[in-house]
Amino acid sequence: MGIQVIPTTPFSDQKPGTSGLRKAVPVFQKPHYLENFIQAIFDTIGDPQGRPLVLGGDGRYFNAEAIQTILKMAAANGFSRVKVGQNGILSTPAASCVIRKYGAIGGIILSASHNPAGPQGDFGVKFNTANGGPAPEKVTNAIYERSCSLRQYTIYTAPDVSLHTLGEFPLGEMIVEVIDPVADYQALLESLFDFDCIHDAITGGRLSLIFDAMHAVTGPYAHQILETRLGAPRGTVQHGVPLPDFGGGHPDPNLVYAHDLVQQLFGDDPPVFGAASDGDGDRNMILGANCFVTPSDSLAILAANATLVPGYKEGLAGIARSMPTSQAADRVAATLGIDCYETPTGWKFFGNLLDAGKATLCGEESFGTGSNHVREKDGLWAVLFWLNILAIKQQSVADIVQSHWRTYGRNYYSRHDYEGIDSDRAHTLMTQLEQKLPQMVGQSFGAYTVAIADNFSYTDPVDHSVSTQQGLRLIFDDGSRIVYRLSGTGTQGSTLRVYLERFEPNPHHQHLDAQVALADLIELANQVANIQGLTGRDRPTVIT
Ligand code: VG1
Ligand code: CO
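For the sequence shown, the residue numbers in this note's numbering are 2 to 545.
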């Protein structure tokens, strides 16, 4: 027992991506790999005394082992207290909530989010700062630099700490505090939404629902909040037992991977509402009877109806969306007379806007929605926001969506992903396309004339930091767009994402299938970037 100093050599591949460091499990299992990255975090965050560190994960394979390693390293690195979720569980938004509530120095969340899990699946480590949000680029860059020069790490040698029982347990000089992963988070949501109104609508039979936890972290949260507190019948929460391999599934709540749920909402006798969340609980998919709400529309609809909900009844300071997210929210912001911010992809870019009080609601097209209540996107928060609106309006999801389109117009939207393509070819595609952009301005392609063609660059309005190369944009003179990005969360090859958007103001033309409505743009996107030629793929792997 005692503190050990372990010599190590740096790994050159510990640069965090869009959302933390994600690698295949066997990479994290390499000797010293996890330890090096954790030491790099600890060396970067400053004095660990006095304020707790928050620790938890989505329960995926390797979560339990990693938690023990991190606890022992925290004890050896001078932390006084670690608040860890019972059995090592904390969803991403719950971790953000706990960091903020208890003034923590920050938190470590173990998750690869929507990536599959298991011995051959993915694992990940995210570091969140004291505001509860993902570390901004200047912090992740500092962690990476530290990881490149690391020569040793320190760890306390002791038996594993049991995380089954709530309470405080010593580990060397440090206290390990095992907390209920749901309680603080539930209390926060209860302060925002009218739980009694939702409860009455559910138990009164006016609001039927199903929630698919995809065998990931939201199971215990959804059981407690939707069934126990809000009175939804047992069985409302499906796939509610978290499994280390997420049941072999892909815990990404979209039309492809949440097919069980989709079948029920589009089948016989569907419930009023259906939703799913991802591996770590920060994403959401919203469905109604025979209706899918795109995440971009969901953000706009929540914004337009926010004052119905107690936590937002005073109105919104502003809305923020990631650049590839559709401009539906911009139209609501314009009507409300509030600012709408356009940030690069990744929740870390919303942190400054939320901290500065410039934005209240934020969203990404990738099934991420959230607000200033925490500094992460929040799956169950979005579900409760919808339930609160439905309980008050007593309309179907489809009616709410269609009447929104009639008022604001419809932004037809779709994302086409080409997953696991050869990295060299993906980079060639992006480079060749970027070279073509300058001469494309002013050119016409059928009905579309290019107004702007660039590589998106963002200057943070709060700290003025600049983030360049955030996605290639073709913006047409009618506001339609094609955006191309390479994913920063994958672990195998490269994933090309193509985002397509077209505005339709005429209510008579708002009921097409998005793939049909966007057919011209899809064709153009493929042609301009020579996707088929360069990737060898004749169609996307996932369409959302
Ligand atoms: C994807 C999404 C992005 C999201 C990120 C993390 O990133 O596009 O919007 O913030 O995943 O989400 P990328 O770089 O692969 O496009 V989560 O729920 O996986 O932490
Ligand atoms: Co996630």
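Glycine included, every Cβ here is placed at the ideal spot set by N, Cα and C. It should be emphasised that the depicted structure is a prediction, and the values quoted were computed from it without experimental measurement.
Can you tell me the Cα-Cα spacing of residue i and residue j, whole angstroms?
i: aspartate 185; j: serine 327; result: 33 Å
i: tyrosine 157; j: glycine 489; result: 34 Å
i: glutamine 69; j: isoleucine 180; result: 15 Å
i: aspartate 48; j: isoleucine 42; result: 12 Å
i: phenylalanine 196; j: asparagine 389; result: 8 Å
i: phenylalanine 457; j: glycine 410; result: 26 Å
i: threonine 549; j: aspartate 455; result: No statement about residue 549 is possible, as the shown extent of the chain runs from 2 to 545 and does not include it.
i: leucine 501; j: glycine 534; result: 20 Å
i: proline 254; j: arginine 538; result: 24 Å
i: glycine 289; j: isoleucine 401; result: 10 Å
i: glycine 369; j: aspartate 281; result: 12 Å
i: alanine 96; j: glycine 447; result: 49 Å
i: serine 367; j: threonine 346; result: 9 Å
i: asparagine 306; j: aspartate 269; result: 29 Å
i: proline 94; j: serine 299; result: 19 Å
i: isoleucine 476; j: glutamine 264; result: 35 Å
i: histidine 115; j: phenylalanine 351; result: 20 Å
i: histidine 224; j: isoleucine 422; result: 38 Å
i: valine 85; j: lysine 31; result: 24 Å
Where do the N-terminal and C-terminal ends of the alpha helix (DSSP H) with residue i fall, by residue?
i: leucine 525; result: 520-530
i: glycine 380; result: 380-394
i: arginine 147; result: 138-150
i: phenylalanine 124; result: Here phenylalanine 124 belongs to no alpha helix (DSSP H); instead the beta strand (DSSP E) covers 123-130.
i: phenylalanine 194; result: Looking at the DSSP string, phenylalanine 194 is not in any alpha helix (DSSP H), and its letter there is neither H nor E.
i: proline 221; result: 219-223
i: arginine 332; result: 329-337
What does the Cβ neighbour count give for residue i, buried or exposed, with the cut at 16 atoms within 10 Å?
i: glycine 316; result: exposed
i: methionine 324; result: buried
i: aspartate 418; result: buried
i: serine 278; result: buried
i: lysine 349; result: buried
i: glutamate 174; result: exposed
i: valine 517; result: exposed
i: proline 117; result: buried
i: glutamine 395; result: exposed
i: threonine 545; result: buried
i: serine 297; result: buried
i: cysteine 98; result: buried
i: valine 499; result: buried
i: lysine 314; result: exposed
i: histidine 216; result: buried
i: leucine 22; result: buried
i: histidine 240; result: buried
i: proline 439; result: exposed
i: glycine 443; result: exposed
i: glycine 236; result: exposed
i: proline 243; result: buried
i: arginine 376; result: buried
i: leucine 303; result: buried
i: asparagine 507; result: exposed
i: threonine 45; result: buried
Under 6 Å Cβ to Cβ from residue i, same chain only, skipping five residues before and after it: list those, please.
i: glutamate 420; result: Thr496, Thr542
i: serine 415; result: Leu501, Ala515, Leu519
i: leucine 91; result: Gly57, Pro182
i: alanine 136; result: Phe128, Thr130
i: histidine 200; result: Leu231, Gly232
i: threonine 408; result: none
i: aspartate 340; result: Gly319
Considering just the uninterrupted stretch of the beta strand (DSSP E) at residue i, what are its terminal residues?
i: histidine 417; result: 411-422
i: proline 171; result: 168-172
i: arginine 101; result: First-last for arginine 101: 93-102, but that is the alpha helix (DSSP H), not the beta strand (DSSP E).
i: phenylalanine 477; result: 473-477
i: glutamine 69; result: Where glutamine 69 is concerned, there is no enclosing beta strand (DSSP E), although the alpha helix (DSSP H) it sits in stretches over 64-77.
i: glutamate 502; result: 495-505
i: glutamine 153; result: 153-158
i: glutamine 87; result: 82-90
i: tyrosine 1; result: The requested residue 1 does not occur in the structure, where the chain is confined to residues 2 to 545.
By Cβ distance, which residues of its chain are closer than 8 Å to residue i, with the 5 residues on each side in sequence left out?
i: alanine 67; result: Phe29, Leu35, Gly58, Leu111, Phe124, Val126
i: alanine 159; result: Met2, Lys73, Ala76, Leu172, Gly173
i: isoleucine 176; result: Ser81, Arg82, Val83, Glu169, Phe170
Leaving out the 5 sequence neighbours to the left and right, which residues in its chain are closer than 7 Å to residue i when beta-carbon positions are compared?
i: asparagine 78; result: Phe43, Pro49, Thr155
i: arginine 207; result: Gln395
i: isoleucine 393; result: Cys198, Leu309
i: histidine 509; result: none
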